[in-house]
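J.: Residue 809 in my numbering is what sits at position 787 of the sequence shown, and the numbering runs on without skipping anything. Note that CB positions come from ideal geometry on N, CA and C, so glycine has one too. Small disclaimer: the values here were computed from a predicted structure and weren't measured.
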Amino acid sequence: MYLKSLELQGFKSFPDKIKLSFDKGLTAVVGPNGSGKSNIGDAVRWVLGEQSTKTLRGNKMEDVIFSGTEARKPVGFAAVTLTIDNEQGELASEDREVSVTRRLFRSGESEYQINGKNVRLKDINELFMDTGLGRDGYSIIGQGRIAEIVGAKSNERRDIFEEAAGISKFRYKKQEAERRLHAAQENLVRLTDIVSELEGRVEPLRIQSGKAEKFLELAQQRKSLEISVWVNRLDTLREKLDALSEEALVAAAEYENLQNDIDREEAKIAEGYTRMQESAMGVERLRGQILEIEQNSAAVKADIAVSENDIQHSRAQIAQAEESHAAEQLSRTELTERIQAQQQRIAQLEQDAKDFAAQIQEAQQAFAAQEQEAAAAGKAYDEAGSAVNALYLEQSQHRFTQQAAREQITQLKQTLEGGEDTAARQAEQSAAYETALEQLSRQLEQAQNRIREQENRLGGYQRLYDSKMQKLAQQRKDWEAATLRLREKQQRRRLLQDLENSMEGFGRSIKEILRAGKSGRISGIHGSVAQLVSVKPEYGVAIETALGAAMQNIIVENEDIAKRCIRYLKEQRAGRATFLPLTSVRGNLLHEPNLSSMEGFVALAAELAACDAKYEGIFRSLLGRIAIAEDIDCATVIAKRFGYKFRIVTLDGQVINAGGSFTGGSAAHSSGVITRKNELDTLGTEIEALTAEQEGQRAAGERLKAETDKLRFDLDSTRDALSQAQTEVIRLTADRTAKQALAESARQQAATQQERVEQAKQSLARQEQLLAEATRALEQVDQSIARQEQALSAQQDLRSGLQQAREALSAQLAKLKLGQMECVKDQESARRELENMQQSAEQSESRAAQLHAMLKEAEQLIVQKEQAIAHSRETLSRMQAETEACRQEITRLQGQHDSQQQYINQLREGMRAINEAKEKRAGEAMRIDERKITAQKDYDSLIMQLLETYELTRSEAEQLAEPLEDLQKAQQTLAQIKGRIKALGNVNVGAIEEYREVSERYTFLSAQVADVTGSKRELEKLIESLTEDMCRIFAESFVRINDNFKAIFKELFGGGHAELILTDPEHVLESGIEISVAPPGKVIKNLISLSGGEQSFVAICIYFAILKLRPAPFCILDEIDAALDEANVRKYAQYLHRFTEHTQFVLVTHRRSAMEEANVLYGVTMQADGVSRLLKLEQPDLDTTTQA
């Protein structure tokens, strides 16, 4: 296995796609500092799965993507592909060539691939485990890793030795087994808790289950007996209803005959009322005309009076306007004289103001000159005073400086004693802490990256799970709602179908005839009117009301069949019925012009009843002359319009009969035969839709349940991984916090101590110099103070004289300004008075013009009003003639109205006897109907009790019912059973099923506890076995690495002694690893005592010792020779050739000796555009380059 090639695109400073091909031996990558050569080593780390941004020399993972320069735009992703020859099958892959690819997009998305197939980071880690090529392996070594080998604590050097020993896979298996063991332990605890909880529930549920079974036994006895009692009562009520239906049919037929007589008489009365109303309307119309004429006449008279009044008023206005015009003329003359006098006064005031202004200007100039002199004197005085104050302040400062310098000099000399030794000791301690802290920070960052990855995954799973659970809960509610609606519809359909099958709503005689026809005893029976008609649901109530008792009329083939049916009813003593032979019954539709255009008119009842064509004549006879209206208001308007000639039924069942009588109120139409048929059809459609909906909800629920179960499993797995990562972070955070505190304390102490020493030296020199300078300056300041105090006294005398002169000028200037202000004030007052006078003059002119216009308008108005008065008097004469003609026509129409009233009174006398008979028959029918309604309510109540209590229709209940010999005894037995049920108290029927489920679950979980306990023991054995194997393999490998290290150290260092020591040989898997070295001629207490080059060389010896034991397929060595001198670089480079038979080396270096040993040389350069470029040199070009 060896490295064949490395491809980079968009990675760090390589935006363009480049490819490095590698052969066996040594390949060197060289270039100046900052050219990007180390980015090649970073690319290999990154593609092998490195997650630490610090190791990749960045702040965040996005930093590996080329971010652009002034000359190049940033790219959107970074990609690195590592191609490895796997001819020998050392990698766990069947392919002879393995390509590993990693991509990162600027959006944050990333992907890993092996041979072009997307995989997980975990798959890449497992692929390279124990090959030395993993993230914790030794295939990529940089300066930082070299420093870690030497500078880290003994227990922090284990990773590279474990990778070399080949126990990484064992450790991974052990960790996986420990994770499974932890999960098994948690599962065992959870199962034990559940089993314990179930143990406490089994016995109480057993007792409740027995009680519930007893309750169900009694409930079944109650149900059987209660159904039998209710069916017995239903039979009794059915017989009563049949008898009442027969009585109602007879009463309805007699009532209908009387109603027809009344309808004929009422039609005559309506016709008389129509003629009488026409006469009355004519009278009213003429009276309205007379009233309108009289109102118009009064208005004309009022107009005449108003016009005469307007003429008098206009003449008075003319006289008044003439007087006002003369007064305005006199007022304008006086205003003109006052305006001229005021203008002369304003001119004099303006001259006085100019005189004051000239005097003020002269005074201000003199005052300004005085101000300048006073200001100059004040400034000179202030400057002298400031100078004196400054000198006094300077004197105090110099004295303070003298005293402070003397004290500082004494203190600093004491501080310098012994400070340098303390600073050196603290610096060494700080460096050791910093090295340990960097190692912990890398480990913590890796663990935190794992937590973020698991948290993101957990958050995604949790959101999906919550969403699915909400959808599942909602779906269950929808399914339950659909199931409830379906059950209600099915129950309702069973009830209605049972009523339909038992011909509920038909009288006994009708049932007998229909059964006879169905059984074949009488042929030619087509069915009842209700059975043979089809009506839309919205018209069902109206058609049932329109048909009334005729719904139970029976349609037969001909008159002979009708007579045969009547004989059959007589023979069976089964009551009476009405028959409609197809050969004799005919009917016509109502034809009234403009009926269809009336507001609220729906249609004729016959047009809304659908039937077979052969029954059209019969339904026309029943419904052809009945109109259907929207409501009672619309029906009333239609009836009045057509004189109550025909019957009108509203959609809600109210009736206006021919002749004008009204029938209506509240009625239970929902149980009608036609309404029942419509509801059955509707229920069939609704049940089909609800069945399909319920099935869809069930299928959706099963899909959601499967998705939810899968998400729950994913959530549990992710929580386990997150818990492990969080535990690791807590441990590492605590270690890092402790190390940070120690490192920070040591660093601050060292820095503070060194700073104190340096500051003390500098401060001592400064303080001595300050003391000398302060002494000299103090003498000079004392002399200057005496001179400045004399100058200050002279300036004070000059300043006082100037102040007195300035105050005198200020008083004079104030007096002149006061005079000027009074003059200006008088001037403004005079101007305002002038403006008021001018406005008054303009207003007077305007009023004069308005008075002149008013005179003209008043004269024109008088002429117009006189003409209007003449025209109104002519109109008044014409109106009086029209009024007389209307009064004569009213007298004629009143005579016609009186004759019609006498005719209507005669008709009403004839109707009174018919109405009395009708009302008597109506009372009898109402009493029969009330008794029937009461019986029907009792019957329906029992039917609903059967349906609601036991979900049974009557036919189903009859099948379950048993004959009762003694109804009273049965009722007593039923009461005893109910008492025994009540004595049981609260019963949990669900306890039976719950007891069964809990028992089964208890048995199942008990078995699960046993299984998990066994699994736990197996895992513990596996962990113990893995631990033993790891201890053995690591101990053997460590001995061989130690022997290699001793030999290589002596060879490279030219003698001396070196050894690797386990700090805890009894526990090799937790033991730290100490390094003990002694170069030739030196006694070394610890590695820190070695120089930087010696430390690097020791680490290289350890690295070579590991390679000798377990050669890596290839190694990237990133400037690990930087700290070596030229002689040791040559030794290091030459020694590498000993491993080239089994290992490829890629050296990132800038050392000449290392370049000379390379077989292939890649040069990395960076031009002004900030982009790294690659150049390849091979032998003999390489030899020529190195010689030059």
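Report the residue from 300, 859, 920 and 231 whose alpha carbon sits nearest the alpha carbon of residue 357.
T.: Residue 357 sits at position 335 when you count from the first residue of the sequence shown. The residue with the shortest Cα to Cα distance from residue 357 is 859.
J.: Could you check what DSSP says for residue 29 in three-state terms: helix, strand or coil?
T.: Position 7 of the sequence shown holds residue 29. Strand, per DSSP.
J.: Per DSSP, which residues does residue 1140 bridge with? Please list them.
T.: Looking up residue 1140 in the sequence shown gives position 1118. Per DSSP, 164 and 1170.
J.: Per DSSP, which one or two residues make a beta bridge with residue 1197?
T.: For the purposes of this step, residue 1197 is identified with residue 1175 of the sequence shown, where counting begins at 1. Answer is 1185, bridged to residue 1197.
J.: Would you identify the three-state DSSP class for residue 24, choosing helix, strand or coil?
T.: Taking the first residue of the sequence shown as 1, we reach residue 24 at position 2. Note: residue 24 maps to strand in three-state DSSP.
J.: Let me know if residue 735 comes out buried or exposed under the rule of 16 or more other beta-carbons within 10 Å of its beta-carbon.
T.: By one-based count along the sequence shown, residue 735 stands at place 713. Its Cβ having fewer than 16 others within 10 Å, residue 735 is exposed.
J.: Can you tell me which of the three DSSP states residue 1207 falls into?
T.: The count along the sequence shown starts at 1 and reaches residue 1207 at position 1185. Residue confidence is low: residue 1207 scores 43 on pLDDT, short of 50, so the model does not pin down where it sits. Its coordinate-derived value is still stated next. Of the three classes helix, strand and coil, the one that applies to residue 1207 here is helix, per DSSP.
J.: Is the beta carbon of residue 986 closer than 8 Å to that of residue 250?
T.: If you number the sequence shown from 1, residue 250 lands on position 228. If you number the sequence shown from 1, residue 986 lands on position 964. Yes, the Cβ-Cβ distance between residue 250 and residue 986 is below 8 Å.
J.: For the beta strand (DSSP E) containing residue 547, name the first residue and the last one.
T.: Your numbering for residue 547 matches position 525 in the sequence shown. Where residue 547 is concerned, the enclosing beta strand (DSSP E) stretches over 547–550.
J.: Which residues mark the beginning and the end of the beta strand (DSSP E) in which residue 134 is found?
T.: As a working mapping, residue 134 is identified with position 112 in the sequence shown. Here the beta strand (DSSP E) through residue 134 covers 132–136.
J.: Does DSSP classify residue 124 as helix, strand or coil?
T.: Numbered from 1 along the sequence shown, position 102 holds the residue referred to as residue 124. Residue state, collapsed to three classes: strand.
J.: Do residue 37 and residue 88 have their C-beta atoms within less than 8 Å of each other?
T.: Along the sequence shown, read from residue 1 onward, the residue named residue 37 stands at position 15. Along the sequence shown, read from residue 1 onward, the residue named residue 88 stands at position 66. Contact: yes.
J.: DSSP state of residue 600, grouped into three classes?
T.: For the purposes of this step, residue 600 is taken as residue 578 along the sequence shown, with counting starting at 1. Three-state DSSP puts residue 600 in coil, outside helix and strand.
J.: In this structure, how does DSSP classify residue 703 when only helix, strand and coil are distinguished?
T.: On the sequence shown, residue 703 is found 681 positions in, with the first residue counted as 1. Helix at residue 703.
J.: Is there a Cβ from chain B that is less than 8 Å from the Cβ of residue 985?
T.: Looking for chain B here will not work: only one protein chain is present.
J.: What's the C-alpha gap between residue 486 and residue 733?
T.: Taking the first residue of the sequence shown as 1, we reach residue 486 at position 464. Taking the first residue of the sequence shown as 1, we reach residue 733 at position 711. Distance between the alpha carbons of residue 486 and residue 733: 8 Å.
J.: Measure the CB-CB distance between residue 59 and residue 1168 and report whether it falls below 8 Å.
T.: Counted from its first residue, the sequence shown places residue 59 at position 37. Counted from its first residue, the sequence shown places residue 1168 at position 1146. No, Cβ-Cβ distance for residue 59 and residue 1168 is not below 8 Å.
J.: Evaluate the contact criterion for the segment 1024–1037 versus the segment 204–223: three or more CB pairs, one atom per stretch, below 8 Å.
T.: Yes, since at least three Cβ pairs between the segment 1024–1037 and the segment 204–223 fall closer than 8 Å, the two stretches touch.
J.: Looking at C-alpha atoms only, which residue of 362, 41 and 64 is the closest neighbour of residue 855?
T.: For the purposes of this step, residue 855 is identified with residue 833 of the sequence shown, where counting begins at 1. The candidate whose alpha carbon is nearest that of residue 855 is 362.
J.: How many angstroms separate the CA atom of residue 125 from the CA atom of residue 1104?
T.: Indexing the sequence shown from 1 puts residue 125 at position 103. Indexing the sequence shown from 1 puts residue 1104 at position 1082. Answer to the nearest angstrom: the Cα atoms are 51 Å apart.
J.: Measuring from the CB of residue 114, is there a heavy atom of the ligand SAM at a distance below 7 Å?
T.: As for the ligand SAM, it is missing from this structure, which has no ligand bound.
J.: What would DSSP say about residue 627, mapped onto helix, strand or coil?
T.: The residue given as residue 627 occupies position 605 in the sequence shown. Residue state, collapsed to three classes: helix.
J.: Determine the extent of the alpha helix (DSSP H) in which residue 1237 is found, giving its start and end residues.
T.: Since the first residue shown for the chain is 23 and the last is 1210, residue 1237 is missing from the structure and cannot be characterised.
J.: For residue 1135, does the count of other Cβ atoms within 10 angstroms reach 16, so buried, or fall short, so exposed?
T.: For the purposes of this step, residue 1135 is taken as residue 1113 along the sequence shown, with counting starting at 1. That one is buried.
J.: For the alpha helix (DSSP H) that contains residue 1098, what are its first and last residues?
T.: For the purposes of this step, residue 1098 is identified with residue 1076 of the sequence shown, where counting begins at 1. From DSSP, residue 1098 is part of no alpha helix (DSSP H) but of the beta strand (DSSP E) over 1095–1100.
J.: I think residue 163 touches residue 1123, with their Cβ atoms under 8 Å apart; what is that distance to the nearest whole Å?
T.: Sequence index remark: in the sequence shown, residue 163 carries index 141 (1-based). Sequence index remark: in the sequence shown, residue 1123 carries index 1101 (1-based). About 13 Å; that fails the 8 Å criterion.
J.: Please say whether residue 579 and residue 604 have beta carbons closer to each other than 8 Å?
T.: Stepping through the sequence shown from its first residue, residue 604 is reached at position 582. Stepping through the sequence shown from its first residue, residue 579 is reached at position 557. Yes.
J.: Taking 8 Å as the threshold, find out whether the segment 987–1007 comes into contact with the segment 538–550 through three or more Cβ pairs.
T.: No, the segment 987–1007 is not in contact with the segment 538–550.
J.: For residue 1161, I'd like the list of residues in its chain whose CB is within less than 7 Å of its CB, leaving aside the five on either flank, ordered along the chain.
T.: Within the sequence shown, the letter at position 1139 stands for residue 1161. Contacts found: 1129 and 1133.
J.: Classify residue 77: buried if its beta carbon has 16 or more other beta carbons within 10 angstroms, exposed otherwise.
T.: Residue 77 sits at position 55 when you count from the first residue of the sequence shown. Classification of residue 77: buried, given that the 10 Å Cβ count is 16 or more.
J.: Helix, strand or coil for residue 114? Go by DSSP, reduced to three states.
T.: Against the sequence shown, residue 114 aligns to sequence position 92. Correct three-state label for residue 114: coil.
J.: Residue 1079 by DSSP, collapsed to three states: which one?
T.: Mapped onto the sequence shown, residue 1079 falls at position 1057. It is a strand residue.
J.: Where does the unbroken alpha helix (DSSP H) through residue 1130 begin, and where does it stop?
T.: Taking the first residue of the sequence shown as 1, we reach residue 1130 at position 1108. Unbroken alpha helix (DSSP H) run through residue 1130: 1114–1131.
J.: Tell me the rounded alpha-carbon separation between residue 878 and residue 313.
T.: Sequence index remark: in the sequence shown, residue 878 carries index 856 (1-based). Sequence index remark: in the sequence shown, residue 313 carries index 291 (1-based). Answer to the nearest angstrom: the Cα atoms are 41 Å apart.
J.: Given residue 292, which residues of its chain have a CB within under 8 Å of its CB, disregarding the five upstream and five downstream residues?
T.: Within the sequence shown, numbered from 1, the residue matching residue 292 stands at position 270. Cβ within range, chain order: 665, 666, 667, 681 and 682.
J.: For the beta strand (DSSP E) containing residue 140, list its first residue and its last residue.
T.: The sequence position of residue 140 within the sequence shown is 118, counting from 1. Residues 139–141.
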